[in-house]
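Residue numbers (our numbering): 7 to 205.
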């Protein structure tokens, strides 16, 4: 069997991966949904799990179909669009979670005043940004956005969440270092959750 080309082995391997992703994220959504009344931050984790769930439900099956059948530009565009949408949604949700954790630790009093509506807007942002990128991808595919401009936009969309997470966790580290030894129970709990999400 040639493992350098697409064959039944890779179809089964990616199919198994999709099953594991779906199972794991269904379980995560169930757990976080039960905890949602205790901490509003869990809504962000539910959104992240939903985005990852869509990878297993749609992105990977479409990728398997694209690789297992005759090449089609439309099939490639649909598969790539779903892959980009779910992937970017996950990454940007992680960035938003890092900002929310930073806000909870650096500005705890202001963080407590956040409303459910604030969280809904925060949850929607990664999905909107990912949808905008898919629109850019489709425009590039149809020749409306030229390749050099697309490369710049691609770099911008990819680096922004990574830089955001780096800055957020650096601020968390600075805050923890400056308040070491005088943190209360709530601050310690917020810091512990931030460490867990970082890992």
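Cβ atoms here follow ideal geometry from the backbone N, Cα and C, with glycine treated the same way.
Of the other Cβ atoms in all chains shown, fewer than 16 fall within 10 Å of the Cβ of residue 130; this residue is therefore exposed.
In terms of CA proximity to residue 143, 94 leads the group 94, 99 and 128.
Contact annotation: the stretch 99-110 does not touch the stretch 16-34, with fewer than three C-beta pairs closer than 8 Å. A direct Cα-Cα distance of roughly 19 Å separates residue 40 from residue 58.
Around residue 136, the same chain offers 91, 94 and 95 as residues with beta carbons nearer than 6 Å, after the five sequence neighbours per side are excluded. It is roughly 39 Å from the alpha-carbon of residue 178 to the alpha-carbon of residue 21. Taking 8 Å as the upper bound for CB-CB distance, residue 85 and residue 68 are in contact here, some 4 Å apart.
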